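Q: Residue 189 in my numbering sits at position 189 of the sequence shown; the count goes up by one each step and never skips.
The beta carbon of each residue, even a glycine, is placed where N, CA and C say it ideally should be.
Keep in mind that this is a model prediction, so the values were computed, not measured.
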Amino acid sequence: MSNQTSTDTAKTDPGAAHGGLPAGGVSLWQIFLIFLRLGLTSFGGPVAHISYFREEFVRRRQWLSDAHYADLVALCQFAPGPASSQVGMGIGMALGGVRGSLMAWLGFTMPSAIVLAILGMAFVHIDLAAIEGVIRGLKLVAVGVVAHALVGMARTLCPDIPRASLAILAACIMIVSDTVLAQFGVIIGGMMGGFVLLRQAAAGDTQDMPTPRSTKGALIALGLFFGLLAGLPIAAQFDQSGLFDVIDGFYRSGALVFGGGHVVLPLLQSAVVDPGWVDQEAFLAGYGATQAVPGPIFTFAAYLGAVLHTGTASTGWLISSATALVTLIAIFLPAWLLVIGLLPFWDRVRHVAAMRAGLLGVNAAVVGLLAAVLYDPIWTGAIHDVVDVICVVAAFAVLQWRLMPVWALVGIGAVGGYLAGLV
Numbered sequence: 001m002s003n004q005t006s007t008d009t010a011k012t013d014p015g016a017a018h019g020g021l022p023a024g025g026v027s028l029w030q031i032f033l034i035f036l037r038l039g040l041t042s043f044g045g046p047v048a049h050i051s052y053f054r055e056e057f058v059r060r061r062q063w064l065s066d067a068h069y070a071d072l073v074a075l076c077q078f079a080p081g082p083a084s085s086q087v088g089m090g091i092g093m094a095l096g097g098v099r100g101s102l103m104a105w106l107g108f109t110m111p112s113a114i115v116l117a118i119l120g121m122a123f124v125h126i127d128l129a130a131i132e133g134v135i136r137g138l139k140l141v142a143v144g145v146v147a148h149a150l151v152g153m154a155r156t157l158c159p160d161i162p163r164a165s166l167a168i169l170a171a172c173i174m175i176v177s178d179t180v181l182a183q184f185g186v187i188i189g190g191m192m193g194g195f196v197l198l199r200q201a202a203a204g205d206t207q208d209m210p211t212p213r214s215t216k217g218a219l220i221a222l223g224l225f226f227g228l229l230a231g232l233p234i235a236a237q238f239d240q241s242g243l244f245d246v247i248d249g250f251y252r253s254g255a256l257v258f259g260g261g262h263v264v265l266p267l268l269q270s271a272v273v274d275p276g277w278v279d280q281e282a283f284l285a286g287y288g289a290t291q292a293v294p295g296p297i298f299t300f301a302a303y304l305g306a307v308l309h310t311g312t313a314s315t316g317w318l319i320s321s322a323t324a325l326v327t328l329i330a331i332f333l334p335a336w337l338l339v340i341g342l343l344p345f346w347d348r349v350r351h352v353a354a355m356r357a358g359l360l361g362v363n364a365a366v367v368g369l370l371a372a373v374l375y376d377p378i379w380t381g382a383i384h385d386v387v388d389v390i391c392v393v394a395a396f397a398v399l400q401w402r403l404m405p406v407w408a409l410v411g412i413g414a415v416g417g418y419l420a421g422l423v
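Have a look at this one:
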């Protein structure tokens, strides 16, 4: 009888944690391959990545519920680091534990990291004008993807007037003042609004209980996070090679940035340009190349690591590759440690009745944040004429009616943009 009940629950709530997973769970290889495909096709920046993840794991595969996914996104908005990469790590951890989080990071990060490291070693200055049409096509697809995800999340997370009002207010605040401080204010305000307005909704919001996770590993991860943050500068004082200086600069950039994405650029610039490790021209060339590849913006670290040795006669591609790997790991390591350290506690507190009310408000605020980013910079940066609007509407319709998978739509957008550029 209990087996039948369990089966019925999985059918009625396919997004329940682990309840919607295939029999036998998800293998690490499967996690890696799914995120590898996302790493090859996820253009458009952090918010677009979050939308791609939702399409893959919530809507298409139904391995996570919208509420569970939104709670994960909310946690990654609170924590410092690359938000979309942390969401991917969190999904990997939900599906395959700590090793699953590593597989998710490796698959999602590897494609763009390899390309950027190779460019750094070759010190190639990309002529973005040559692929301007491709970039334009990918931007239009990203608008459609984000819009589609926003509509789906709004239906689930803002089903009543109080939550819709919180989302609209959050969007208006972020459009007027697009700063990290405003983002924190919107999230905290959403939580406070949830405490006041959504207690009754939280009482009827049934959530699956999470699979218990050991807090011992979480505490070790948090200890490592703060230990490295404090210890690396000290180690750099005694290291004559300069390696720990480099590791500290990239680790600190990954650990102290809030908002992720492009916000990390000033920190990286002060970490590598100000000491004279990378000149301004090389830095800007790599930033331009980062815009033309899929995956997380933080993979810019692989380019910078490779550029550190470019042009030095005594070093070859092996040392440049090793340095690129070191800087890549250094900038993502704090994000991974925070995901491992915070998720077990987050999974527990998010099921407390009062916390559920606050999180319902936070989730509504996250919808508002996505709406604001959809408007600026995604819409304003991609839409220039009526043809662009038609393309976005077409992309949205394709996703809404499931006429083709996202990766195919991305390919069509790239090819179509290239052909339009030729014309």
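1. Name the residue from Val362, Gln400 and Asp376 whose alpha carbon lies nearest to the alpha carbon of phenylalanine 195.
2. Could you please give the first and the last residue of the uninterrupted alpha helix (DSSP H) stretch that includes histidine 49?
3. Let's test the definition: count the other Cβ atoms within 10 Å of the Cβ of valine 375 and tell me whether it reaches 16, buried, or not, exposed.
4. How long is the line joining the alpha carbons of aspartate 248 and phenylalanine 226, rounded to whole angstroms?
5. Should glutamine 86 be labelled buried (16 or more other beta-carbon atoms within 10 Å of its own) or exposed?
6. Distance, Cα to Cα, alanine 236 vs valine 246?
7. Report the rounded CA-to-CA distance for glutamine 400 versus histidine 148, giving the unit in angstroms.
8. Are the beta-carbon atoms of alanine 414 and glycine 137 separated by less than 8 Å?
9. Less than 8 Å between the beta carbons of isoleucine 340 and valine 26, yes or no?
10. Using only CA atoms, which one of Gly39, Gln183 and Met93 lies nearest to alanine 365?
11. For alanine 104, count neighbouring C-beta atoms within 10 Å of its own C-beta (all shown protein chains included) and say buried if the count is 16 or more, exposed if not.
12. For arginine 348, does the three-state DSSP call read helix, strand or coil?
13. For valine 186, does the three-state DSSP call read helix, strand or coil?
14. Provide the residue span of the alpha helix (DSSP H) that contains isoleucine 297, from first to last.
15. Can you tell me whether tryptophan 29 is buried or exposed? The criterion is at least 16 other CB atoms within 10 Å of its CB, across all chains shown.
16. My assumption, with CB atoms under 8 Å, is that phenylalanine 32 sits in contact with glycine 152. Please give the rounded CB distance.
17. I need the straight-line Cα distance from glutamine 280 to valine 373, nearest angstrom please.
18. Which of the three DSSP states, helix, strand or coil, is assigned to alanine 292?
19. From proline 111 to threonine 327, what does the alpha carbon distance come to, in whole angstroms?
20. Round the Cβ separation of alanine 292 and glycine 120 to the nearest angstrom and send it over; I've been treating them as touching at under 8 Å.
21. So, using beta-carbon positions, are glutamate 55 and isoleucine 34 closer together than 8 Å?
22. Classify valine 124 as buried or exposed, calling it buried when 16 or more other Cβ atoms lie within 10 Å of its own Cβ.
23. Leaving out five residues on either side along the sequence, give the residues of the same chain with a beta carbon under 8 Å from the beta carbon of phenylalanine 78.
24. Does the beta-carbon of aspartate 274 have 16 or more other beta-carbons within 10 angstroms, so that it is buried, or is it exposed?
25. Short check: CB of arginine 199 to CB of alanine 357, under 8 Å?
26. Could you work out which residue in Ala83, Asp66 and Leu75 is closest to phenylalanine 298 when comparing CA atoms only?
27. Short of 7 Å in beta carbon distance, which residues of its chain neighbour alanine 164, apart from the five on each side in sequence? Order them along the chain.
28. In angstroms, rounded to a whole number, what distance separates the CA positions of histidine 18 and leucine 222?
29. Report, in whole angstroms, the separation of the C-beta atoms of valine 429 and valine 141, which I expect to be a contact under 8 Å.
30. Rounded to the nearest angstrom, what separates valine 272 and leucine 284 at their Cα positions?
31. Between glycine 144 and leucine 75, what straight-line distance do the alpha-carbon atoms span, to the nearest angstrom?
32. Counting along the chain, where does the alpha helix (DSSP H) carrying alanine 364 start and finish?
33. Consult DSSP for phenylalanine 43 and reduce its assignment to one of helix, strand or coil.
34. What are the boundary residues of the alpha helix (DSSP H) that includes leucine 409?
35. Can the beta-carbon of glycine 133 be found less than 8 Å from the beta-carbon of alanine 420?
A: This is what the structure holds:
1. Among Val362, Gln400 and Asp376, the Cα nearest to that of phenylalanine 195 is on Val362.
2. Boundaries of the alpha helix (DSSP H) around histidine 49: 46–53.
3. Per the sequence shown, residue 375 should be read as tyrosine rather than valine. Classified as exposed, tyrosine 375 has fewer than 16 neighbouring CB atoms from the shown chains inside 10 Å of its CB.
4. Cα to Cα, aspartate 248 sits roughly 12 Å from phenylalanine 226.
5. The residue is buried, with at least 16 neighbouring Cβ atoms inside 10 Å.
6. C-alpha separation (whole angstroms): 9 Å.
7. Roughly 7 Å separates the two Cα atoms.
8. Yes, Cβ-Cβ distance for alanine 414 and glycine 137 is below 8 Å.
9. Result no, Cβ atoms of isoleucine 340 and valine 26 do not sit closer than 8 Å.
10. Of the listed residues, the one whose Cα sits closest to alanine 365 is Gln183.
11. Using a 10 angstroms sphere on the CB of alanine 104, the tally of other CB atoms reaches 16 or more, which defines it as buried.
12. In the structure shown, the three-state DSSP call for arginine 348 is helix.
13. Helix.
14. Per DSSP, isoleucine 297 lies in no alpha helix (DSSP H) and is assigned neither H nor E.
15. By the neighbour-count definition (other C-beta atoms within 10 Å, threshold 16), tryptophan 29 is an exposed residue.
16. Actually they are not in contact, since the Cβ atoms of phenylalanine 32 and glycine 152 sit about 26 Å apart, beyond 8 Å.
17. Going from the Cα of glutamine 280 to the Cα of valine 373 covers about 29 Å.
18. Coil at alanine 292, not helix or strand.
19. The alpha-carbon atoms of proline 111 and threonine 327 are separated by roughly 16 Å.
20. About 14 Å separates the two Cβ atoms, so there is no contact after all.
21. Not a contact, by the Cβ cut-off of 8 Å.
22. Residue placement at valine 124 is poorly supported in this model, since its pLDDT is 46, which falls under 50; the coordinates are not used for a value here.
23. Contacts found: Ile187.
24. The residue is exposed, with fewer than 16 neighbouring Cβ atoms inside 10 Å.
25. Yes, Cβ-Cβ distance for arginine 199 and alanine 357 is below 8 Å.
26. The shortest C-alpha separation from phenylalanine 298 is found at Ala83.
27. Leaving aside the five residues that flank alanine 164 on each side, the residues in its chain whose CB is nearer than 7 Å to its CB run, in chain order, Cys158.
28. Residue placement at histidine 18 is poorly supported in this model, since its pLDDT is 44, which falls under 50; the coordinates still yield a value, given next. Whole-angstrom Cα-Cα distance: 26 Å.
29. The question about residue 429 has no answer, for the chain in this structure spans 1 to 423.
30. For the pair valine 272 and leucine 284, the Cα-to-Cα distance works out to about 12 Å.
31. Spanning the two alpha carbons is a distance of roughly 25 Å.
32. That run of the alpha helix (DSSP H) goes 353–373.
33. If DSSP states are grouped into helix, strand and coil, phenylalanine 43 belongs with coil.
34. Where leucine 409 is concerned, the enclosing alpha helix (DSSP H) starts and stops at 406–422.
35. Yes, the pair counts as a contact, with Cβ atoms nearer than the cut-off.
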